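Residue numbers (the numbering used here): 3 to 107.
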């Protein structure tokens, strides 16, 4: 029993640390983009180690291929095309496509 409560506590702590690392990545980007990329790498490692999903808003802030912290206009191109948001990483060229919105039926 204690093992499950310890595991859930570590997962909660992992989510908090991931959020903190993404906040730090946003702070570091103007001065040193390499530090923000390192924060993203650490956040992904924490998520994988504790089997925690990274929240959707945070997940869209980095490139899934090269793990670079994405800043629209600086190292990411954002376009809207046929009901989708297309985010292109300018470091590796990877394109991520997200739906703009859901249709109300």
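We put the CB at the ideal spot given by N, CA and C, even for glycine. Predicted model only: the values in this text are computed from it and were never measured.
- By the neighbour-count criterion, in which a residue is buried when 16 or more other Cβ atoms sit within 10 angstroms of its Cβ, residue 38 is buried.
- Two segments are said to touch when three or more pairs of C-beta atoms, one from each, lie closer than 8 Å; by this definition the stretch 40–60 does not touch the stretch 74–94.
- When beta bridges are read from the DSSP output, residue 64 appears opposite 71.
- 90 is the residue among 104, 90, 16, 102 whose C-alpha sits nearest the C-alpha of residue 69.
- Straight-line measurement puts the Cα of residue 60 at about 17 Å from the Cα of residue 13.
- For residue 51, there is no enclosing beta strand (DSSP E); the residue is found in the alpha helix (DSSP H) stretching over 35–51.
- For residue 78, the uninterrupted beta strand (DSSP E) run begins and ends at 78–83, by DSSP.
- Closest by C-alpha distance to residue 16, out of 36, 31, 35, 54, is 54.
- In this structure, the beta-carbon distance from residue 100 to residue 62 falls below 8 Å.
- For residue 75, the number of other beta carbons within 10 angstroms of its own is below 16, and it is reported as exposed.
- For residue 97, the closest alpha carbon among the candidates 73, 34, 65, 18 is that of 65.
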